[in-house]
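Dropping the structure here:
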């Protein structure tokens, strides 16, 4: 019994040490200068074999302004922190220079730091899914404000047109997205209802709210706005994009249930929908391994149908989380992927 206990303690100790030791790549640059277009994933991949361990390698330098944010032009380097190698900003990039009252030049503090800081993953790939595309329940859509008419009794309206709406508006908001119910998602195995896609039709601004009927001006459209289209408060996608690559807190095993863009095969920088969300403790920034589902083949000797093992095929980062579903960006794909492939925790 003592022997078994000792073996168990040894295995636990080894696994703990492995989890604590960062697998830093060889021949990493002594100083890395952040480039415009870089992402935290790019930089973490430059230094780590396991780029989802960004928070383990990153060290906030208290001597620089906003040490948790990184900007183009910043200089990064590995330093020793308590006997461990950690990545940090050793020098901020060029700042804006202005003339003082006595004619001397002096640096100015950066403005809009969150807007200029590099994101976790490419913003241009996910912006529309952060601000516009969303998953809701039928109850949320059915209880949201709705368009009752266009100006001049129009049935359809477009950009710069006036529309009228009724419903339970949030008086603190004046910018609304215009949505229409779309695809209904069900779990591929249990057939549980997961959510309904709210299709983004456009945006509108409340210009008169002094009665039961609100007056709105349409500021953006992707297609014609119709009577009965629903209104939901617009989201700030820049704030939603502020997250870091990390491991999930809980064990995850889900499936790719849809691919955005009407494609059938999934590759790097494609957007996928997976069958797990906040209910499974998923969060923005969680990194998941993608496994290509093993084929079912016939054993020619016994005539049995055999499920082949899954194959490691790529990685994805979750960037938008709903109760039972999430959006993710595929950051690497070693082979073509399809709906039905598996996503789960990567090995540490």
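Residue numbers (the numbering used here): 7 to 354.
Idealized CB from N, CA, C, for every residue including glycine.
In this text, all values refer to a predicted model and were calculated from it rather than measured experimentally.
Q. Residue range of the beta strand (DSSP E) that residue 239 falls in?
A. 236-239
**Q.** Exposure of residue 261, with buried meaning 16 or more beta-carbon neighbours within 10 Å
**A.** Taking all protein chains in view, the Cβ of residue 261 is crowded by 16 or more other Cβ atoms within 10 Å, so the residue is classified as buried.
**Q.** residue 73 - DSSP class collapsed to helix/strand/coil
**A.** Here residue 73 sits in coil by DSSP.
Q) Does the pairing of the region 200-211 with the region 231-242 give three or more beta-carbon distances under 8 Å? A) Yes: the two stretches touch, three or more of their Cβ pairs being nearer than 8 Å.
Q. In the structure shown, what three-state DSSP assignment does residue 133 receive?
A. helix
Q: Grab the span of the alpha helix (DSSP H) containing residue 61 for me, first residue to last.
A: 60-63
Q: Pick helix, strand or coil for residue 21, following the three-state DSSP scheme.
A: Unreliable positioning characterises residue 21 in this predicted model, as indicated by a pLDDT of 37, which lies under 50. The coordinate reading is nonetheless provided below. Of the three classes helix, strand and coil, the one that applies to residue 21 here is helix, per DSSP.
(Q) Considering only their Cβ atoms, is the gap separating residue 257 from residue 350 smaller than 9 Å? (A) yes
Q) Does the distance from the CB of residue 168 to the CB of residue 223 come in under 9 Å? A) yes
Q) For the alpha helix (DSSP H) that residue 52 lies in, which residues bound it at each end? A) 46-53
Q. Quick one: what's residue 35 bridged to in DSSP?
A. Beta-bridge pairing links residue 35 to no other residue.
Q: Using three-state DSSP, classify residue 253 as helix, strand or coil.
A: Correct three-state label for residue 253: coil.
(Q) Would residue 342 and residue 293 be called neighbours here (beta carbons separated by less than 9 Å)? (A) no
Q: Run through the region 312-337 for me and flag every whole beta strand (DSSP E) of 3 or more residues, listed as ranges in chain order.
A: 317-327
Q.
For a test of the three-state rule: what should DSSP assign to residue 104, helix, strand or coil?
A. Interpretation of residue 104 is limited by its pLDDT of 40, a score under 50 that renders its predicted location unreliable; the figure taken from the coordinates is listed afterwards. The answer is strand: DSSP assigns residue 104 an E or B state.
Q) From what residue to what residue does the alpha helix (DSSP H) around residue 144 run? A) 144-148
Q.
Suppose you measure from the CA of residue 39 to the CA of residue 80; what does that come to, to the nearest Å?
A. 6 Å
Q.
Contact between the region 315-330 and the region 30-39 is defined here as three or more beta-carbon pairs at a separation below 8 Å; is this criterion met?
A. Contact fails: fewer than three Cβ-Cβ distances are below 8 Å.
Q: Would you check if the distance between the CB atom of residue 186 and the CB atom of residue 205 is smaller than 9 Å?
A: Taking C-beta atoms as the reference points, residue 186 and residue 205 count as a pair closer than 9 Å.
Q: Could you work out which residue in 191, 93 and 126 is closest to residue 345 when comparing CA atoms only?
A: Of 191, 93 and 126, the residue nearest in Cα terms is 191.
Q: Going by DSSP, name the residue or residues bridged to residue 90.
A: In the DSSP output, where bridge partners are listed per residue, residue 90 has 87.
Q | Same chain only: Cβ atoms within 8 Å of residue 198, ignoring 5 sequence neighbours per side | A | So the qualifying residues of the chain are 192 and 330.
Q.
Quick check on residue 81: does DSSP put it in helix, strand or coil?
A. In the three-state scheme derived from DSSP, where H, G and I count as helix and E and B as strand, residue 81 is classed as strand.
Q.
Restricting to runs no shorter than 3 residues, where is the beta strand (DSSP E) found entirely within the region 261-297?
A. 277-280
Q | Any 3 or more C-beta pairs closer than 8 Å across the region 61-74 and the region 127-139 | A | In short, these stretches do not touch, since the Cβ pair count stays below three.
Q.
Comparing C-alpha positions only, which one of 63, 295, 144 and 97 sits nearest to residue 340?
A. 295
(Q) From the DSSP secondary-structure annotation, give me the bridge partner or partners of residue 362. (A) Since the first residue shown for the chain is 7 and the last is 354, residue 362 is missing from the structure and cannot be characterised.
Q) DSSP beta-bridge partners for residue 233? A) Answer by DSSP bridge pairing: none, since residue 233 is not bridged.
Q: On a CA-only basis, which of 55, 269 and 45 is nearest residue 75? Give me that one, please.
A: 45
Q: Could you tell me the distance, in whole angstroms, from the CA atom of residue 288 to the CA atom of residue 48?
A: 22 Å
Q: Give me the Cα-Cα distance between residue 227 and residue 221, rounded to the nearest whole angstrom.
A: 17 Å
Q | Selection from 269, 138 and 316 that minimises the alpha carbon distance to residue 184 | A | 138
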